[in-house]
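A.B. asks: Counting in the numbering used here, the sequence shown runs from 40 upward without gaps.
Built from N, CA and C at the ideal position, the CB exists for glycine as well.
First the structure, which I've put down as C-alpha cells, then a few questions once you've had a look.
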Amino acid sequence: MTKEKRLKKRHNAEKRFRFYGLASIFLALLFVLILVQNIFSKGSSAFMKTAINVDVFYDPELLGVKNGATKDEILEADFFDITIETLLKTYPTNNLDEENQLIDLFTTDAELEIKNALINNSNLLGKTVNLEITSSDDIDQLHKGNYPRDLPEERRRISNFQLSIYDNFLENKKIIKNFNNYFFKNGDSRDPEIAGIGGALVGSFYSILICLLLSFPIAVLASIYLEEFAPKNKITDFIEININNLAAVPSIVYGLLALQILLATIQLPRSTPLVAGITLALMTLPRIIIPCRASLKAVPPSIREGALAVGASKFQSVFHHVVPLALPGTLSGTIIGLAQALGETAPLILIGMVAFVVDIPSTPIDPSSSLPVQVYLWSESAERGFVEKTSATIMMLLSFLIVMNFLAVYLRQKFEKRWN
40 MTKEKRLKKR
50 HNAEKRFRFY
60 GLASIFLALL
70 FVLILVQNIF
80 SKGSSAFMKT
90 AINVDVFYDP
100 ELLGVKNGAT
110 KDEILEADFF
120 DITIETLLKT
130 YPTNNLDEEN
140 QLIDLFTTDA
150 ELEIKNALIN
160 NSNLLGKTVN
170 LEITSSDDID
180 QLHKGNYPRD
190 LPEERRRISN
200 FQLSIYDNFL
210 ENKKIIKNFN
220 NYFFKNGDSR
230 DPEIAGIGGA
240 LVGSFYSILI
250 CLLLSFPIAV
260 LASIYLEEFA
270 PKNKITDFIE
280 ININNLAAVP
290 SIVYGLLALQ
300 ILLATIQLPR
310 STPLVAGITL
320 ALMTLPRIII
330 PCRASLKAVP
340 PSIREGALAV
350 GASKFQSVFH
360 HVVPLALPGT
370 LSGTIIGLAQ
380 ALGETAPLIL
390 IGMVAFVVDI
400 PSTPIDPSSS
410 LPVQVYLWSE
420 SAERGFVEKT
430 SATIMMLLSF
440 LIVMNFLAVY
450 LRQKFEKRWN
C-alpha cells in the first residue's frame with residue numbers, strides 16, 4: 040500500500056469517527072427532546088384547573104349563625120345544606136338521580152371552598168356572592184381535551200346528562216380556567232382535582248436539608264484528613280477502596296440498611312424526612328468525598344510549600360490556603376451529590392415514605408412523602424387526572440435538578456482558580 044493510500048485511509052477513518060461521535064450526540068439529544076416534549080405536553084395542563092361559577096347565598100338561618108358571627112362561630116357552622124342547595128341551583132331538576140349526577144360535576148371539596156370564602160370575609164354573611172367552585176376531575180379533563188366524549192355512554196365516566204349540563208355551563212360562560220394553586224399547596228388526595236405536591240415539596244426540602252447538614256461536614260473533614268494528614272499505608276488504601284466501592288453501591292442497599300438500623304434497631308419514626316435525610320446522607324457521603332479529594336489534590340504543592348516556608352503549621356497551610364482554593368470543586372461536587380439524592384426513590388420506599396400522606400409536614404419527624412415517591416404513587420393511580428399531575432411533578436423535579444446542576448457549574452467557573 041502506497042503512502043498516499045495509507046494517508047487517505049487514516050483521513051477516512053478520522054472522518055468516520057467524527058461522524059459516529061456527532062451521530063451519537065445527535066441521537067442522545069433527540070431522545071432527550073422526545074422525553075421532555077412528552078412530559079411537558081402531558082404535564083403543562085396540570086398547572087391550570089377548571090372551575091364553575093356559582094351564586095352562593097350565605098343564609099344565616101341555614102348555617103345556624105347570626106349576622107355578625109365571629110370567625111369561631113363560622114368555623115363551627117355546618118355548610119353541607121348550603122353547599123347542596125347552591126350546587127342544585129346551577130341546573131334545576133326534580134329527578135334524584137340527576138341531582139346526584141349534577142353534584143358529581145363539582146369537587147368533593149366544594150363545601151370547604153364555600154366555607155373558606157366566608158371565613159376569609161365574614162361580611163358575606165346574609166349576602167349572595169359569586170364563587171368559582173373547582174370542578175370534578177372528569178369535567179376538568181373533559182374541558183382540557185384529555186377526555187373523549189365521543190365514546191358510548193356505558194364506556195364513559197360522564198353520562199349524557201352530565202355532558203348536557205357541561206354544554207349548558209359552557210354556553211352560559213360558567214366554565215373558566217384558573218391557576219391551579221391546589222397543585223402546590225395541597226398534599227396528596229384520592230381526588231385528582233385537589234391533589235397536590237405540597238407535602239412532597241416540604242418532605243423533600245427537609246430530607247435534603249438533613250442530608251446536607253450531615254453529609255457535607257463529615258465528607259469534607261474526611262477528605263481533608265485522607266488527602267492531607269493520613270499516612271499512606273494499607274489501612275488508608277483499604278479505606279479509599281471502600282469509599283470508591285460505596286459510591287457505586289445501588290441506592291436500594293442503603294434503604295435496606297436504614298430499614299434495619301434506623302427503623303428496626305434505633306426505632307426512629309417511619310415515613311419521616313428525618314430517616315430519609317439520614318439515609319440519603321449515608322448514600323451521598325462517598326459521592327462528596329471523591330470530588331472533594333480531587334479538588335484538594337488539584338491544588339499545586341507550591342501553595343502548601345510556600346505556606347510552610349513562611350512558618351505556617353501543617354494545619355494552617357491546609358485550612359488557611361489549600362481548603363479555600365479547593366472549595367469551588369467541593370461545592371460543585373456537593374450540589375451534584377444532593378441533586379442525585381433528590382431524585383432517589385428506592386431507599387425512600389423501603390423506609391415507608393411511600394405511604395399515603397395527606398397532611399403537609401411541619402417538622403422533620405412528621406410523616407411525609409417526597410417528589411420522586413409522589414411520582415411513583417401517582418403513576419400507579421388509575422384516574423386520568425393523575426396522568427397530568429405525574430408529568431407535572433416530573434417537570435418540577437427536573438427543574439430542581441437542572442437548577443442545582445447549573446448552580447454547580449456556575450460556582451465552579453466563578454470561583455475556580457486555574458493553575459498553569
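Can you check the segment 142 to 212 for any alpha helix (DSSP H) of at least 4 residues that lies completely inside it and give the ranges in chain order?
C.D. replies: 149 to 159, 176 to 182 and 199 to 210
A.B. asks: What residues match up with residue 94 in a beta bridge as DSSP calls it?
C.D. replies: In the sequence shown, residue 94 corresponds to position 55, counting from 1. Answer is 169, bridged to residue 94.
A.B. asks: Taking Cβ to Cβ, would you say residue 429 is nearer than 8 Å to residue 412?
C.D. replies: Within the sequence shown, residue 429 is the residue found at index 390, counting from 1. Within the sequence shown, residue 412 is the residue found at index 373, counting from 1. In this structure, residue 412 does not lie closer than 8 Å to residue 429 by Cβ.
A.B. asks: Considering just the uninterrupted stretch of the beta strand (DSSP E) at residue 456, what are its terminal residues?
C.D. replies: The residue labelled residue 456 in the question sits at position 417 within the sequence shown. Where residue 456 is concerned, there is no enclosing beta strand (DSSP E), because DSSP gives it neither an H nor an E.
A.B. asks: Indicate the three-state DSSP secondary structure (helix, strand or coil) for residue 87 in the structure shown.
C.D. replies: One-based indexing of the sequence shown puts residue 87 at position 48. It is a strand residue.
A.B. asks: Please determine, among 223, 66 and 288, the residue with the shortest C-alpha to C-alpha distance to residue 239.
C.D. replies: If you number the sequence shown from 1, residue 239 lands on position 200. For residue 239, the nearest C-alpha among the options comes from 223.
A.B. asks: Excluding five sequence neighbours on each side, which residues of the same chain lie with their C-beta closer than 6 Å to the C-beta of residue 94?
C.D. replies: Along the sequence shown, read from residue 1 onward, the residue named residue 94 stands at position 55. Within the same chain, residue 94 has close Cβ partners 167 and 169.
A.B. asks: If you drop the 5 nearest sequence neighbours on each side, which residues of the same chain put their C-beta closer than 8 Å to that of residue 132?
C.D. replies: As a first step, residue 132 is located in the sequence shown; it is residue number 93 there, counting from the start. Taking C-beta separations shorter than 8 Å and ignoring five residues to either side along the sequence, the partners of residue 132 in its chain run 138 and 141, following chain order.
A.B. asks: Is it true that the CB of residue 315 sits closer than 8 Å to the CB of residue 252?
C.D. replies: Mapped onto the sequence shown, residue 252 falls at position 213. Mapped onto the sequence shown, residue 315 falls at position 276. Their beta carbons are not under 8 Å apart, which means residue 252 does not touch residue 315 by this criterion.
A.B. asks: Mapping the DSSP letters down to three states, classify residue 236 as helix, strand or coil.
C.D. replies: Numbered from its first residue, the sequence shown carries residue 236 at position 197. Coil at residue 236, not helix or strand.
A.B. asks: With DSSP run on the structure shown, which of helix, strand or coil describes residue 216?
C.D. replies: Translated into positions along the sequence shown, residue 216 becomes position 177. Of the three classes helix, strand and coil, the one that applies to residue 216 here is strand, per DSSP.
A.B. asks: Compare the C-alpha of residue 307 against each of 390, 127 and 90 and name the closest.
C.D. replies: Working through the sequence shown from its first residue, we reach residue 307 at position 268. Among 390, 127 and 90, the Cα nearest to that of residue 307 is on 390.
A.B. asks: Taking just the CA atoms, how far does residue 379 sit from residue 434?
C.D. replies: Start at 1 with the first residue of the sequence shown, and residue 434 comes out as number 395. Start at 1 with the first residue of the sequence shown, and residue 379 comes out as number 340. Near 16 Å, if we compare the C-alpha coordinates of residue 379 and residue 434.
A.B. asks: Reducing DSSP to helix, strand and coil, say where residue 384 ends up.
C.D. replies: As a position in the sequence shown, residue 384 is number 345, starting the count at 1. Correct three-state label for residue 384: coil.
A.B. asks: Going by alpha carbons, who is nearest to residue 158 out of 115, 143, 50 and 186?
C.D. replies: For this step, residue 158 is matched to residue 119 along the sequence shown. Nearest C-alpha to residue 158 among 115, 143, 50 and 186: 115.
A.B. asks: Answer with buried or exposed for residue 135, where buried requires no fewer than 16 other C-beta atoms within 10 angstroms of its C-beta.
C.D. replies: Counted from its first residue, the sequence shown places residue 135 at position 96. Looking at its Cβ environment, which holds fewer than 16 other Cβ atoms inside 10 Å, residue 135 is exposed.
A.B. asks: Which two residues bound the contiguous alpha helix (DSSP H) that contains residue 106?
C.D. replies: Position 67 of the sequence shown holds residue 106. No alpha helix (DSSP H) holds residue 106; DSSP gives it neither H nor E.
A.B. asks: Along the alpha helix (DSSP H) that carries residue 53, what are the first and last residues, could you check?
C.D. replies: Mapped onto the sequence shown, residue 53 falls at position 14. Residues 42 to 82.
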